[in-house]
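Chains as they are written, first to last, in the numbering used here: chain A, 1 to 627; chain B, 628 to 1254. Heads up: the structure comes next, in structure tokens.
Number of protein chains: 2
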Amino acid sequence: MKQMEHKVVFEPTGRHVFALPGTILLEAAALAGFIIQTPCGGAGNCGKCRVRITGGNCPPSANCKTVLGEGDVANGFRLACQAQLTGDLVIEIPATSLFETQQQILVQDSGAPVDLQPAVCKHYVELGLPDQTDSRSDVERLRAAIRPDTFTHVGIQSLRTLSGVLRKNDFKGTAILVDHELIDFEPGNTETQCYGVALDVGTTTLVGTLVNLKTGTESAIEARINPQTSYGDDVISRILKCREEAKGLSQLQRVIIGAINDIIDALTTATRLDRASIYEIVLAGNTTMQQIVCGIDPSALGELPFVPVFTDALQMQAEDLALDINPNGQVYVFPQIGGFVGGDTVAGIVASRLDREPGTTLFVDIGTNGEIVLAHNRKLIATSVAAGPAFEGARISCGMRAVSGAIEKIVLDGDLRMNIIGNVRPAGLCGSGLIDVAAELLRVGILDPTGRILPPEELPESVNKSLRKRLVLRNDQVDFMLAQKSETATGEPLFLTQKDVRELQLASAAIRSGINILLRLEGLQPMDIGGVLLAGGFGNFIRRNHARRIGLLPPIPCQRIRFIGNASSMGAKRALLSVAEKQYAADIAAKVRHVDLSLSPEFQMEFGAAMVFPDKDMGDEGVDLNG
Amino acid sequence: MKQMEHKVVFEPTGRHVFALPGTILLEAAALAGFIIQTPCGGAGNCGKCRVRITGGNCPPSANCKTVLGEGDVANGFRLACQAQLTGDLVIEIPATSLFETQQQILVQDSGAPVDLQPAVCKHYVELGLPDQTDSRSDVERLRAAIRPDTFTHVGIQSLRTLSGVLRKNDFKGTAILVDHELIDFEPGNTETQCYGVALDVGTTTLVGTLVNLKTGTESAIEARINPQTSYGDDVISRILKCREEAKGLSQLQRVIIGAINDIIDALTTATRLDRASIYEIVLAGNTTMQQIVCGIDPSALGELPFVPVFTDALQMQAEDLALDINPNGQVYVFPQIGGFVGGDTVAGIVASRLDREPGTTLFVDIGTNGEIVLAHNRKLIATSVAAGPAFEGARISCGMRAVSGAIEKIVLDGDLRMNIIGNVRPAGLCGSGLIDVAAELLRVGILDPTGRILPPEELPESVNKSLRKRLVLRNDQVDFMLAQKSETATGEPLFLTQKDVRELQLASAAIRSGINILLRLEGLQPMDIGGVLLAGGFGNFIRRNHARRIGLLPPIPCQRIRFIGNASSMGAKRALLSVAEKQYAADIAAKVRHVDLSLSPEFQMEFGAAMVFPDKDMGDEGVDLNG
């Protein structure tokens, strides 16, 4: 029987998502991009994740009443980490329940977020007409009407149109300023039509967020596969193309600009917005992606010592990159740290306020190019690893992105149970499902620590018949059947193959060995880590204990692991909303020390060790959970 | 007999000109663009104009020995206002003899002018190669090698090429900075190949000066007729074209950009320079010209209250204007004052240091769009007048620019004697010749104060037969024959027509009425004027007493009138050579008060009065020189 998804609307933004019955509110909120804080690790005893149901029915969980009190529960408050969807809901998320980085954006103060200070400003003006006692130049007249120091420069394009627009509209209209430059003047009052796009440019995935710069709210999100993946999965293959082919760079730039323009098109179509109302794009990506988008040859990143061309933030015209926004619009490219650690990591630190975390905190952005930052003793050190695209669904036999049809959750409970995004027939396996199945197969003993899928004759006796039936010998390898052909969307069966497990091992080991080297450099043990901030497009949905079980994360209690969502997108959005955040980004970029793993004599050893799955999961209390 | 011109080389720049025998050295220097100071008005008694002959023979004048002393004369020193050319010469102009504004440029200090601080700088660097202990980005590496604070921005174009050029050239090469932006990086040491062009954009004439930004010296000068003249003589006709024709502005912009590119082409061809070695253009023109060059519609200048679009200086890419210099080159457009008083006037004030003149000083820039600035009591007030192009040779029946073949000097001494530029057969009359002939005709009584050329029967008896024969009745008007057909280059006779005199009256009255209104506004009389700085393309060559005789200038002693040459070009050159001069220009533009003559109730009256030539020239001592 096909289950219906429920519509969940979040206030005060009005953003909505559809989610399966039984989804906990915390996950539904994460789907919508709201990261609710869970200091107790979702155990349902700290009460920090309280949300209020303002529409629809949501039965309180047992500890709701204990933790929140009868009065609050009667007033609609629920623990987001416990309460489950049973129907359509309208949920109000108190700012205090949001993860710190999101609080400021959503805190409403007289209708506008308190820190809203975007580079792009619009001012509607009604100027006095020139006469013989006042024959100031058009620019002087306009400047005086806004504020004498508001703009110091006027772009040549706006100078060319200003005079005509002023005179055709009785000297009334809207001035558009970016930083201290007048970039355009529009007829009428268009102050409310003021948008920007935050772009997270990943090696595999591109995410664009349309942001209303007047209100600070998100209007739409669109994601696309980075079309450069057709020229190679990882940054090294893209760099090689630039090094070896005369037109390699321009080809890679053209396709990614095309995809970004597609995203802009989808964002504006969805919101019925004129793309001329978009005045700034803030772009965050790793060093290779940022250079290619800007048309800057990344060849030097393909040889020791992996040198990027720039580290300071860049500002340029949208026209310079052929990006389809307002013709006078601007592009801001995040400052970079060094090597492959680029603007996306800086944006992630900006979003997570990692430098302000107390104690020792690890930031892990899981992507094809994975980045790890260790904050310890007020110092930040960062490195990058080539994790490969397995977590984003690529290089896996039945891999796919976390979109409708993807198996996003797997439980081996007697037989195999799964959640499929969109509640349709399964079409493939996304990153979180991949981690789930590996962790569960390890738990039940079908997968051994070396990553071998055991043949039926080698299985522990505890493995039941239903699971045994899923082991299939194909091409001299044992594969694990996730779904029979009668169950799938395509009519073809879905397998986790032995090769898929190897890909997962490589990806996981890359991240984990990076973490281990940074800890070693600072003389730290896993248990010294006070918190792990887990970022990445899929970061919201993976099971923390499963990530720990497969060794992707070190053995620390789950409650120390926090999901912070697509931190790069969030940081880009913050930079779009406030010039102070751009300054903060510059400070961060200058402050983080870059560590080149290839220089670490321990790297190969660490990587090899991390290829082996942990024997067992020691659990939150250090207890063997596999026993 | 055709006279040979002599070659005169000026040191320390090496610039040379050709001039007629008998030319005084002061004039030869002016031809080469060097304005030698003459506080005594060229009377030969102050000794400030001393120059030294270092090659060739130049007989000392009588007062050379008295004023300079025997020893100096023996060492080659001469009074430039007295000594005449008798053959080829090499002349050294001591910096102390130059008009103050030129001194700083030419004063040599360890091979470079002391105030040389151009926006464009080149730095040859040999960078350490990146290695595993030093994997800074290319930009960081370069910045550290120059000076940490040298550049704060990097243009996207140079980012796109930097990495490749560095690696192809062992990290050696030349960084090019404009202001605080890295605009390019070139292989090899190109520090000496660093040029800019100062552009004076007049309504009728365009003058480009190629300047070596490393040495501060001029390399070449080229002038062209502004091709917009084919669409109308004055700024009003150009503005009308923009108002009335949809493509009027783009047409006017295209032709002037074409002419500027022609000038750049000629400058680089003459000096065998690669135009890619030109990194900055500094442009000064009146408000209409500056707006049209930039593609900014000047329509609002065509209606009351004559509003320009901008007054601040503009900076843009040479590419924005399709100017053919280095593809990453920059354009600086002078700040403007208001109305029609634009960047050329600001540049003229910058060149003349008018605001630092003691007492009351008048700055008069004679061009099709004439500008007058009065400095009094530390205040500066400015206005513009539509003088028309008569002084630049247009609208005059046999008018021409001051180039080879132009009659540039006329004396009525028994019969008519003339100097022709290039010592060829006369082809026409340039501005200085026009003023000469009018002043001389007034003196001998052939022209009456109303501007009528008298018929033979009305002439005073003192007019001799030779002159009388030159009066010819044509089309019911009496014209004055300048040259018979047998004497001219074209085989056609040359006349000063009655209509030509009317054009001269209009041009002269426009300038003079502007002067008078400014004096009135400050409650001043002509004799209160301590000095007149006479600027304009032809300013060097007109006879001061003749300009006074026709009423173009007020009745003040000639020694108070100083020629400062093409002050707009000189100011543009100064801005090219020093960012401090650009700041000075901004200060000047903000400081000068603009006076709109059309608002002055006295203007029509003053203009009408100034149409009548003065009865007589009161002379330097207030004595009637016509008697």
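Note that beta-carbon positions come from the ideal geometry of N, C-alpha and C, so glycine has one too.
Item to check | Short CB-CB distance (under 9 Å) between residue 780 of chain B and chain A | outcome: Within the second sequence, the letter at position 153 stands for residue 780 of chain B. Closer than 9 Å: yes.
In this structure, how does DSSP classify residue 828 of chain B when only helix, strand and coil are distinguished?
In the second sequence, residue 828 of chain B corresponds to position 201, counting from 1. Looking at residue 828 of chain B - three-state DSSP - the assignment turns out to be strand.
For a test of the three-state rule: what should DSSP assign to residue 646 of chain B, helix, strand or coil? The sequence position of residue 646 of chain B within the second sequence is 19, counting from 1. Correct three-state label for residue 646 of chain B: strand.
Next on the checklist: Strictly under 9 Å for the Cβ-Cβ distance: is residue 10 of chain A near chain B by that measure?
Outcome noted: Locating residue 10 of chain A in the first sequence gives position 10, where the first residue counts as 1. Not one chain B Cβ lies under 9 Å of residue 10 of chain A.
- Considering only the beta carbon of each residue, do residue 1109 of chain B and residue 1023 of chain B sit closer than 9 Å? As a first step, residue 1109 of chain B must be located in the second sequence, where it is residue number 482. As a first step, residue 1023 of chain B must be located in the second sequence, where it is residue number 396. Not a contact, by the Cβ cut-off of 9 Å.
- Could you check if residue 154 of chain A is buried or exposed, using at least 16 other CB atoms within 10 Å of its CB as the buried criterion? In the first sequence, counting from the first residue as 1, residue 154 of chain A sits at position 154. So residue 154 of chain A counts as buried.
>> Assess contact between the region 1127-1138 of chain B and the region 1151-1160 of chain B, defined as three or more Cβ pairs (one per stretch) separated by less than 8 Å. Is contact present?
In response: no
* Contact check, residue 249 of chain A vs residue 293 of chain A under 8 Å by CB: the rounded distance? -> Walking along the first sequence from the start, residue 249 of chain A turns up at place 249. Walking along the first sequence from the start, residue 293 of chain A turns up at place 293. Rounded, the Cβ-Cβ distance is 11 Å, inconsistent with contact.
Between the Cα of residue 342 of chain A and the Cα atoms of A/28, A/82 and A/571, which residue gives the shortest distance? Taking the first residue of the first sequence as position 1, residue 342 of chain A is located at position 342. Checked all of A/28, A/82 and A/571; the closest Cα to residue 342 of chain A is A/571.
(Q) Assuming the contact rule is C-beta atoms closer than 8 Å, residue 1001 of chain B and residue 1176 of chain B should be a hit. Round their C-beta distance to whole Å, please. (A) Position 374 of the second sequence, counted from the first residue, corresponds to residue 1001 of chain B. Position 549 of the second sequence, counted from the first residue, corresponds to residue 1176 of chain B. So it is not a contact: roughly 22 Å between Cβ atoms.
Task: chain A contacts made by the region 775-809 of chain B, where a contact means CB separation under 9 Å - done: 779, 780, 781, 782, 783, 784, 786, 787, 788, 789, 790, 791, 793 and 794
Neighbourhood of residue 45 of chain A by C-beta distance below 7 Å, restricted to the same chain and skipping five residues each side
Here residue 45 of chain A is taken as the residue at index 45 of the first sequence, counted from 1. Excluding positions up to five away in sequence, the list reads 63 and 67.
Inset, instruction - For residue 1038 of chain B, go through chain A and note every residue whose CB falls closer than 8 Å to its CB, in chain order. - result: In the second sequence, residue 1038 of chain B corresponds to position 411, counting from 1. Within 8 Å Cβ-Cβ: nothing; residue 1038 of chain B doesn't reach chain A, min ~46 Å.
Measuring CB atoms only, is the region 262-273 of chain A touching the region 166-178 of chain A, in the sense that at least three cross pairs come out at less than 8 Å? no
Does residue 1257 of chain B come out as helix, strand or coil in the three-state DSSP assignment?
What the structure shows of chain B is the stretch from 628 to 1254, and residue 1257 of chain B is not part of that stretch, so it cannot be assessed.
query: Name the DSSP bridge partner or partners of residue 841 of chain B?
result: Within the second sequence, residue 841 of chain B is the residue found at index 214, counting from 1. Answer by DSSP bridge pairing: none, since residue 841 of chain B is not bridged.
Which residue wins for smallest C-alpha separation from residue 1213 of chain B, given the options B/655, B/959 and B/647?
Taking the second sequence and counting its residues from 1, the one referred to as residue 1213 of chain B is at position 586. Comparing Cα positions, the closest option is B/959.
On the DSSP bridge assignment, give the partners of residue 527 of chain A in chain order.
If you number the first sequence from 1, residue 527 of chain A lands on position 527. In the DSSP output, where bridge partners are listed per residue, residue 527 of chain A has none listed.
Per-residue contacts from residue 314 of chain A into chain B (C-beta, under 8 Å): Position 314 of the first sequence, counted from the first residue, corresponds to residue 314 of chain A. In chain order: 781, 783 and 786.
Closer than 7 Å, Cβ to Cβ, to anything on chain A: give me those residues from the region 901-920 of chain B, in chain order.
none
For residue 634 of chain B, the first and last residue of its enclosing beta strand (DSSP E): Counting from 1 along the second sequence, the entry for residue 634 of chain B is found at position 7. Note, residue 634 of chain B: beta strand (DSSP E), 633-638.
Review point. So, helix, strand or coil for residue 581 of chain A, using DSSP?
Key: Position 581 of the first sequence, counted from the start, is the residue given in the question as residue 581 of chain A. Helix, per DSSP.
Could you tell me which uninterrupted alpha helix (DSSP H) segments, each at least 4 residues in length, are contained entirely in the region 233-318 of chain A, listed from first to last along the chain? 235-244, 248-271 and 287-293
- Tell me, to the nearest whole angstrom, how far the beta carbon of residue 18 of chain A is from that of residue 34 of chain A; I am working on the premise that it is less than 8 Å. As a first step, residue 18 of chain A is located in the first sequence; it is residue number 18 there, counting from the start. As a first step, residue 34 of chain A is located in the first sequence; it is residue number 34 there, counting from the start. No, residue 18 of chain A and residue 34 of chain A are not in contact; Cβ-Cβ is about 15 Å, not under 8 Å.
Exercise for the section: Identify, in the order they occur along the chain, each residue of the same chain with its Cβ nearer than 7 Å to the Cβ of residue 975 of chain B, setting aside the five sequence neighbours on each side. Expected result: Reading the second sequence from its first residue, position 348 is the one you call residue 975 of chain B. If we look at residue 975 of chain B and ignore the five residues flanking it on each side, its Cβ neighbours are 990, 992, 1162, 1194, 1195 and 1198.
- Query: Is DSSP giving residue 970 of chain B helix, strand or coil here?
  - Reply: Sequence index remark: in the second sequence, residue 970 of chain B carries index 343 (1-based). Helix.
message = Can you tell me whether residue 486 of chain A is buried or exposed? The criterion is at least 16 other CB atoms within 10 Å of its CB, across all chains shown.
response = Within the first sequence, numbered from 1, the residue matching residue 486 of chain A stands at position 486. Exposed.
Contact set between residue 309 of chain A and chain B, taken where Cβ atoms lie within less than 7 Å: As a working note, residue 309 of chain A is residue 309 in the first sequence. Here the neighbours are 764, 765, 766, 786, 789 and 790.
Original post:
Who does residue 659 of chain B pair with in a DSSP beta bridge?
Top reply: The residue given as residue 659 of chain B occupies position 32 in the second sequence. Bridge partners of residue 659 of chain B: none, in fact.
Can you give me the Cβ contacts of residue 1183 of chain B inside the same chain, cut-off strictly under 8 Å, excluding the 5 residues immediately before and after it?
Numbered from 1 along the second sequence, position 556 holds the residue referred to as residue 1183 of chain B. Excluding residues within five positions, the ones whose Cβ falls inside 8 Å are 1153, 1154, 1156, 1159 and 1175.
*asked:* Tell me the residue span of the beta strand (DSSP E) that contains residue 415 of chain A.
replied: By one-based count along the first sequence, residue 415 of chain A stands at place 415. Here the beta strand (DSSP E) through residue 415 of chain A covers 415-420.
- Item | Length of the line joining the Cα atoms of residue 7 of chain A and residue 169 of chain A | Numbered from its first residue, the first sequence carries residue 7 of chain A at position 7. Numbered from its first residue, the first sequence carries residue 169 of chain A at position 169. The straight-line gap from Cα to Cα measures roughly 45 Å.
Quick one: list the residues of chain A neighbouring residue 814 of chain B, beta-carbon separation under 8 Å, in chain order. Locating residue 814 of chain B in the second sequence gives position 187, counting from the first residue. Neighbours of residue 814 of chain B on chain A: none; closest Cβ ~16 Å, over 8 Å.
Discussion item. Along the chain, where does the beta strand (DSSP E) containing residue 77 of chain A start, and where does it finish?
Written reply: Position 77 of the first sequence, counted from the start, is the residue given in the question as residue 77 of chain A. Unbroken beta strand (DSSP E) run through residue 77 of chain A: 77-79.
| request: Helix, strand or coil for residue 634 of chain A, going by three-state DSSP, please let me know. | output: Shown here, chain A extends from 1 to 627; a query on residue 634 of chain A therefore has no answer.
What does residue 811 of chain B reach in chain A if we use C-beta pairs closer than 7 Å? Against the second sequence, residue 811 of chain B aligns to sequence position 184. Chain A residues near residue 811 of chain B: none, gap ~14 Å exceeds 7 Å.
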